[in-house]
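Reviewing the structure listed below.
Residue numbers (my numbering), protein chains in the order written: chain U, -10 to 206; chain P, 28 to 487.
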């Protein structure tokens, strides 16, 4: 990576929100285009952080902090990003939650952080979310993907309810993909339930989300 | 105990108010602080630590962290927090032994020390793993009939009357009662009707567990289990289960399963987190016994080197500084019919035994997530390992754990889930098939060659 981006890269890796936002603003003022900043620094740095997590060389807190820095950079550069639609930095919009009857959130949080560092815009609805609330949120936010997690077997019927709601909606079924995962979910279950994608773990969830967005590498 | 419960409930209603995301960050900052301040730096490659100064610092770090962080109540958005002196005072009140079960099938669990020569109790079971309705009884007979199994736990029914079980619905209550009926049948068939058990792992809401806990269901002499949400979170469903258990005089047997690579980070943070979580179970949830099965985020097991190291540090810290009855669950990736499962049991159970665990649960074979992939024979084997390991010193255990790990470490990505129960057992007779027995015999013989005294165990 170019030396010009060293300070921003350091801020992302170190989780330094203030330094990251200030450095991005300084670079834009100095004539660097936001597109370059994202393409040549932020995206490769985040991709590396995601790869390192998949090898457990770093952990969830570092991913959360890197994502925080990037959100701050996006905020700092908002006027520039809004002015030029070609500068859209998101790889896709995802609504994520753990479904009804399930209160476990660490697995879902790991998937959320992995999606964020891989360029997805994620809205997290939390845990114990009803199928209707999950689908409503996906509709309201114009999400591309509804990502549903469950750690417990008795939550699976609620997951299927959400999938059914999407499938039965004429508009939503054409544009909203459903991605599922978690302990009791298998690829066979996902296929039988009518989900569009299945992730066995956070790494596979990112791969699957990319495939659903048509941006698989 | 009910006075202490009132105090906990009061703190859940009046404690500091915090958004859940802010609490998560408090956990991250707290763990980082104590890992730094207490210099939690385990020697690389050492699985069964015998560095007592480090173990004592893990204890101090866990105590300090819990006093600063507390436990988050999702129902109120408030933190239940106890100061360091309050934690220490309540730890002194914790029981050091408890009878479980009834009549001649009752067993005494006692707190153990590091390198304690008395073996831990063997809770032989697949703990909440998904099971088909028709296999529930034969599977449970396969565990309960084993002389080396002391207490047990039910798997989770996948359906009830052929219908999918839905959390919080009447089907959850139906499933809980079906589990009680199945367990009673299995224990009677095995000739051990008084054996203590726990279950209702699928009862995520309070409905199933509260309905089926009582004289006609899960008895006071049985273990009443609930899980704290990772990391360090609770809610009114969990506190309601606790309240009911205290009122019926049941054995409070909760668990907390921190996630490796999650908010606590790597092995150093996990050692502190496991320690703190066990203290929280005792202090806030008034546990009779406290337990854990720390979890890998991609393999979903606890038999990898980082978690072995963290578990040993934490459980030695607890054994050296408290009289808590502590338990660990072996959750291997290997399933029935694989050597991998047995090597994982050797590593985890030898390490847990010398580290002072008073009860070892499992094996929760094939990560506890593959339907019907578990059998009583692995619990027999694990019971043999517990007895043999209770004669070991930590340096001897280290050597055996290392040798076992070498045999399965490269299998963890491959996840050899093995075979379902009907392929390794005769379902009618509930006896293991010769092929599975041969595999167990071969691994047993190999482990004897490593210095693990499995020869003669079970015939003593």
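C-beta atoms are modelled at their ideal positions from N, C-alpha and C, and glycine is treated no differently.
Paired residues, beta bridge with residue 110/U - DSSP: Its beta-bridge partners are 82/U.
Spatially closest choice to residue 399/P from 86/P, 427/P and 163/P, by CA coordinates: Per the Cα distances, 163/P.
Alpha-carbon to alpha-carbon, residue 139/U and residue 171/U: Distance from the CA atom of residue 171/U to the CA atom of residue 139/U, rounded to whole angstroms, is 5 angstroms.
Where residue 55/P meets chain U, residues with beta-carbon distance less than 7 angstroms: Within 7 angstroms Cβ-Cβ: 50.
Cβ pair residue 168/U, residue 83/U closer than 9 angstroms: Yes; because the gap between Cβ atoms is below 9 angstroms, this pair is in contact.
First through last residue of the beta strand (DSSP E) which encompasses residue 99/P: In the DSSP assignment, residue 99/P falls within the beta strand (DSSP E) that extends over 98 to 100.
Terminal residues of the alpha helix (DSSP H) in which residue 30/U lies: Per DSSP, residue 30/U lies in no alpha helix (DSSP H) segment and is marked neither H nor E.
9 angstroms Cβ cutoff met for residue 206/P and residue 185/P: Taking C-beta atoms as the reference points, residue 206/P and residue 185/P fail to come closer than 9 angstroms.
Pair within 9 angstroms by beta-carbon distance, residue 435/P and residue 356/P: No, Cβ-Cβ distance for residue 435/P and residue 356/P is not below 9 angstroms.
Range covered by the beta strand (DSSP E) that runs through residue 169/U: From DSSP, the beta strand (DSSP E) with residue 169/U extends over 166 to 170.
Proximity below 9 angstroms, CB of residue 281/P to CB of residue 310/P: Result no, Cβ atoms of residue 281/P and residue 310/P do not sit closer than 9 angstroms.
Euclidean distance between Cα positions of residue 286/P and residue 19/U: In a straight line, the C-alpha of residue 286/P is about 44 angstroms away from that of residue 19/U.
Check whether residue 404/P and residue 461/P have beta carbons under 9 angstroms apart: Cβ distance not < 9 angstroms, so residue 404/P and residue 461/P don't count as in contact.
Simplified DSSP state of residue 311/P, which is helix, strand or coil: The DSSP-derived three-state label of residue 311/P is coil.
Euclidean distance between Cα positions of residue 271/P and residue 213/P: Roughly 26 angstroms separates the two Cα atoms.
Residue 335/P at chain U interface by Cβ criterion, 9 angstroms: Judged by the 9 angstroms Cβ criterion, residue 335/P is not in contact with chain U.
Backbone CA spacing between residue 276/P and residue 62/U [nearest angstrom]: Approximately 56 angstroms between the Cα atoms of the pair.
Exposed unless 16 or more other CB atoms sit within 10 angstroms - verdict on residue 147/P: Residue 147/P comes out buried.
CB contact below 9 angstroms: residue 59/P versus chain U: With 9 angstroms as the cut-off, residue 59/P counts as an interface residue toward chain U.
Buried or exposed (CB count within 10 angstroms, at least 16 for buried), residue 86/P: Residue 86/P comes out buried.
Terminal residues of the alpha helix (DSSP H) in which residue 477/P lies: Looking at the DSSP string, residue 477/P is not in any alpha helix (DSSP H), and its letter there is neither H nor E.
Inter-residue Cα distance where the pair is residue 81/P and residue 62/P: Cα-Cα distance, rounded: 11 angstroms.
Cβ pair count under 8 angstroms reaching 3, the segment 40 to 49 of chain P against the segment 99 to 112 of chain P: The segment 40 to 49 of chain P is in contact with the segment 99 to 112 of chain P.
Three-pair Cβ contact test at 8 angstroms for the segment 32 to 41 of chain P versus the segment 240 to 253 of chain P: The segment 32 to 41 of chain P and the segment 240 to 253 of chain P do not touch, with fewer than 3 CB-CB distances between them shorter than 8 angstroms.
Exposure of residue 252/P, with buried meaning 16 or more beta-carbon neighbours within 10 Å: Residue 252/P is buried by the Cβ-count criterion.
Rounded C-alpha distance that separates residue 455/P from residue 397/P: Taking the straight line from one Cα to the other gives about 22 angstroms.
C-beta neighbour in chain U for residue 287/P, strict 9 angstroms: Interface residue, yes.
CA-to-CA distance, residue 129/U to residue 157/U, given in whole angstroms: Taking the straight line from one Cα to the other gives about 17 angstroms.
Contacting residues, own chain, Cβ-Cβ under 8 angstroms from residue 238/P (five flanking each side not counted): Around residue 238/P: 200, 203, 204 and 244.
Any chain U beta carbon closer than 9 angstroms to residue 195/P: With 9 angstroms as the cut-off, residue 195/P counts as an interface residue toward chain U.
At least 3 beta-carbon pairs within less than 8 angstroms: the segment 376 to 393 of chain P vs the segment 411 to 429 of chain P: Judged by Cβ distances under 8 angstroms, the segment 376 to 393 of chain P makes contact with the segment 411 to 429 of chain P, as three or more pairs qualify.
Burial state of residue 260/P, where buried means 16 or more other Cβ atoms lie within 10 Å: Residue 260/P comes out buried.
Ordered list of beta strand (DSSP E) runs contained in the segment 110 to 152 of chain U, each at least 3 residues: Qualifying beta strand (DSSP E) stretches, in chain order: 110 to 113 and 134 to 138.
Beta-carbon proximity of residue 106/U to residue 55/U, cut-off 9 angstroms: Contact: yes.
Residue 202/P at chain U interface by Cβ criterion, 9 angstroms: Judged by the 9 angstroms Cβ criterion, residue 202/P is in contact with chain U.
Rounded C-alpha distance that separates residue 80/U from residue 52/P: Taking the straight line from one Cα to the other gives about 26 angstroms.
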